[in-house]
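Working notes, structure below.
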């Protein structure tokens, strides 16, 4: 199994929900929600890619780094690379259903572990979705991270308990899911949260609590002040609000103030090891990858995902070699061209 | 009836005048005047879209806003959303004639009311056009706004009287219509107006007087000083002069000085609730939508237009939820990313 | 005969040298020299268009201008519009030969006069070319302007004498033709000129002497100091040197210093009356139009050219009306949006 | 044989590895490594082209330069133009094998000499590659330059000795080849070098030592301080690391400090004599051309390459004439528009 074969198989299975383009950039699938695209004109998805592409690297090969180290500790876990699988749900209405929710979450969690990293799972309008993900985490000794929709406080705390029972490493809420009017229509209301409500969630569990969907320093600081363990700088893959900036554009404003005080994970448009290195240089501790993980799993199951993460790790290593970075734990900002 | 069906039906009826593109952006129809395009290279139409697209929103879901309020009062009328139907004429030579001028104006006025807002009607070379619009307003108890071409003072005042008799809520002139050389050729001369002439029109009626086609602070201030009740910042959908800036580009220069002193309505390239929110954040009190209203009416009549405005309202609500805006009456500028 | 018919006829006759694109912008014909394109990547041709497109106009209809005046005096001649036909040669190798050099120059001179303006004629490797143009000027009572290639001083002066005998209004050299290595290969050497050599040419005739092909303030000032009557700011339609800036980009640097001291004519990418107005606002006294004149003449002869110039005049008038400009002799810079 | 014929023949022979596009810009072949493209998204290849295209020239024909001089001395050799053939290997896996490595290197060295300049040859995973190049240099009396991959110090010094025995004019290392993980997989490890290791290589030979693959001032200064004779500012044709800046973008930062102290050769995206002139104006002493040399050799052998270099020389001469540059040894920066 090689990556071209995985992509080819995925293309068949994802038809016509995802075209598995040569570069996954949100252009062809603009507006396809449900589906794999960005919402509206698709500009928020595209902005993630463009913000990353704008950043240039200083090629550097006069140095002593001969064997770069890509491993990093996140939530007490040693990962072989600073990249995890983003929480994604809806294999039926977003991806056509060739893989069930149960199988998808199993493969994501197992494949991530095989590659030495972690898979995250999500929550959705259909209550079975969260269950699928939790089962997958449970069957893998808790090695996974569930993300809950911004439901009522009670409903969230109920799901935090389920995560705790499954032995999950950490738990969180994708607060930008507040915009999912469809969930309310299906009797599963979601909404924004006040700082107090966030604090209440943080205090409701001993697990590290993650807030996903932060796009401004202001909200990152609120999260920090409310005791959140980690934020995910994310615009939800551009699927929630049209015309947000790209993640790589807002990230440095946040890391400049909060780097080292709170775990900062970046999620938006990562397609290669070079992209990973850029976000680390901008101050992220780790990154999430979304859509390509879907391609990997649909095309090759957990083996496909393992292969994908290994490719990313090799690309990351090569990029570190060519910029003189010894460890992902300390990526100097000056590898970026200003 | 859903929006996809409306678009599909409209595509049939508008062929080949309007292709009902996935995103209505002025690219395919560039230069098609008569028709639905922008004049010349179409750059002024495209500039409206581009100016809006350049503006990015700060995604924000840590806040207390759970039920945003989209209603606003304009000219003493309570509207369910700050969006009205722009005045458009020429269903035959611009749109192919599958819908008559009479039917079009009826549907615009009635459909807007069904959605809790107002339709505007226009004036044209053929004197019957203004009549069609006035009839539609009359049949709906005056709930509509007629806009008159910048004819001679006498001819305008004659039409203001007709508007008054129809019980119209307000009345105005689209002064940028001064460039319509074709009207002169048909014996209906139009021309620019001096400040004095504008003042004379303002004083000729007790109705709120609207000046449509303002693109600079200088002219906005003249309008204000002459007693105009409302200006419409508009480049006439890019159909009058090639190479003007986009409306969203010039709007903040005007609102910075005149917000609160005069009603400011923005008209140019609005395609979604997100676009509406952007223009409100830039200081507009309300916005007009043009071409998509044509699609809605040709594809679904007044029901189609009602559906369209409801979609826009839902998008606007969701965008407010995702940026923390409680009411359209007070949209803070800092939801925009500078 | 209307403009669409002229374009259609021209498209037939110019095939495949010119595609008579909806907008003539140098994209399709990039690199086609000989032919109608820009040299190399075509970037200098495209830069002319792009530089003009970047400039935006302030729409303005609150003013007293009701009948704009487009007439201007150039070299003692009253022109009905500030637009003349650029000197172009090579109807065979650049345009396919459906119109001969003799006929082309006759139509350009006659058609320009019919429209109340002037045609310019050129010089080329084949000595017959200059002769064709001079004959056309002679047959029209000298109402035309010949432009000579930067040959040896003697050869230029010989051709100045011929121009004088033909009763030409003015005469000049397109000094940027110095790059035409092909002319040297055909035994007609051209080369750059020193300031002294230019002064010698100026003094060799009582006719106003024009230097065409100026793209920097430095060279414009030399021309002025050497007694040149008029400069043409031009990159030779992008046909001489790849990667020059556009004419509209460099023009203001020149006019800022020399406006009123020397006649300044702009030549590059003008496609509409709006473009004419922009260049006048940037300080040009008049403009030249090149490729569209070829289309007009190939498609409709002198009648076609007359029609084309009248269209441009109407567009210019409308643009003046919509920006509040009373006369082309005094176009305020503040009609442009900075 | 003309250039169009050479391109046509090359297109046949390079199919489908290279499409021999009208403008060779890295768009169609993006990601094709092996092959002729840039790595990943191809952005580093494209950046070379874009960085050059952004630079505009001041057209200037009022001056005394009538016969520009394109010859320059590099490594004690008088070259008829400041352009050499870049080192390229892998005619089989990168170009399809219609020309063998042996023949390719022979044609490059011989064709370059026929045009009055020098060819460079490379090193690769297959040890035979370096041998092919060295043979070609030997058979041409040492008139060529070999570039060795950044292998272990011993392996490099062994190959330096071979270069010395072949009578090569200079020798060097393409240090950015450190990123070629594939070489390690084939038992030919490469890696970055410390400043000390570079100094050791410089001292190991009396030949001028070249460091190829410098993209920052910092590394250029290290090279200078370690005694390197010449650097090649290069991103390896965009084939090593995605998202580097273009060569023309970083070049001026390097030349501003090191011009005159060390020989500076620029390598990236040169496609015309105008491009050569731009890089010289930015401070380069000479430039390398890569992909078009492959096209020339595949399409026309050494005669094709001679023809290609002559075309470039003529274009360069014409560009010098049109910007007033007398000699390539002294190209003033003010021919560039800031």
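Residue numbers (my numbering), protein chains in the order written: chain A, 130 to 467; chain B, 130 to 467; chain C, 130 to 467; chain D, 130 to 467. Heads up, the beta-carbon is just placed ideally off N, CA and C, and yes, glycines get one too.
The Cβ neighbour count for residue 141 of chain A, taken over all protein chains shown within 10 Å, is under 16; the residue is labelled exposed. The DSSP-derived three-state label of residue 303 of chain D is strand.
With the criterion set as a beta carbon lying under 7 Å from some beta carbon of chain B, the members of the region 353 to 377 of chain A are 364, 369, 370, 371, 372, 373 and 374, in sequence order. When D/410, D/365, D/406 and D/366 are compared, the shortest CA-CA separation from residue 384 of chain D is found for D/410. When only Cα atoms are considered, residue 167 of chain D and residue 235 of chain C end up about 53 Å apart. For residue 213 of chain D, the three-state secondary structure derived from DSSP is strand. Shown here for residue 372 of chain D: same chain residues with a beta carbon closer than 6 Å to its own, the five before and five after excluded, namely 172 in chain order. Under the Cβ criterion of 9 Å, residue 412 of chain D is not counted among the residues facing chain C. Among the bridge pairs identified by DSSP, residue 132 of chain C is matched with none. The three-state reading of DSSP puts residue 184 of chain C in coil, since its state is none of H, G, I, E or B. A direct Cα-to-Cα measurement between residue 299 of chain D and residue 336 of chain D gives close to 5 Å. Here the region 153 to 163 of chain C does not lie against the region 284 to 297 of chain B, with fewer than 3 beta-carbon pairs under 8 Å apart. For the pair residue 209 of chain D and residue 442 of chain D, the CB atoms are nearer than the 9 Å cut-off. For residue 444 of chain B, the enclosing alpha helix (DSSP H) starts and ends at 420 to 450. Listed along chain D, the residues sitting closer than 7 Å to residue 448 of chain A by beta-carbon distance are 370. With respect to the C-alpha of residue 352 of chain B, the residue from B/315, B/316, B/303 and B/309 having the closest C-alpha is B/303.
In the structure shown, residue 362 of chain C adopts extended strand secondary structure according to DSSP, grouped into three states.
If you check each beta-carbon in the region 377 to 401 of chain D against every beta-carbon of chain A, none falls closer than 7 Å. Look at the beta carbons and you see the region 221 to 234 of chain B touching the region 243 to 263 of chain B: at least three pairs across the two are nearer than 8 Å. Scanning chain C for C-beta atoms nearer than 7 Å to the C-beta of residue 348 of chain B yields 189 and 191, reported in chain order. DSSP places residue 268 of chain B in the uninterrupted alpha helix (DSSP H) bounded by 257 to 268. Scanning B/239, B/460 and B/190 for the CA closest to the CA of residue 388 of chain B turns up B/460. With respect to chain B, the C-beta atom of residue 172 of chain A has a partner C-beta closer than 9 Å. About 11 Å separates the Cβ atoms of residue 339 of chain B and residue 297 of chain B, ruling out a contact at the 8 Å cut-off. Here residue 288 of chain C carries a helix assignment [DSSP, helix/strand/coil]. Interface residue (Cβ-Cβ distance to chain C less than 9 Å): residue 281 of chain B is not classified as such. Beta-bridge pairing by DSSP links residue 275 of chain A to A/250. For residue 277 of chain C, not one C-beta of chain D is nearer than 9 Å to its own C-beta. Contact check for residue 393 of chain D against residue 360 of chain D passes: the beta carbons are separated by less than 9 Å.
For residue 466 of chain B, at least one C-beta of chain A is nearer than 9 Å to its own C-beta.
When the beta-carbon positions are compared, residue 187 of chain A and residue 465 of chain A come within less than 9 Å of each other. Counting only the Cα atoms, residue 395 of chain C lies some 13 Å from residue 382 of chain C.
Remark: three or more beta-carbon pairs, one from each stretch, lie closer than 8 Å, so the region 209 to 218 of chain C and the region 436 to 453 of chain C are flagged as touching.
Residue 423 of chain B is outside the set of residues whose beta carbon lies under 9 Å from a beta carbon in chain A. Each of D/239, D/272, D/321 and D/221 was checked against the Cα of residue 447 of chain A, and the nearest Cα belongs to D/321.
Between residue 217 of chain C and residue 423 of chain C the beta-carbon gap is near 6 Å, inside 8 Å, which marks them as a contact.
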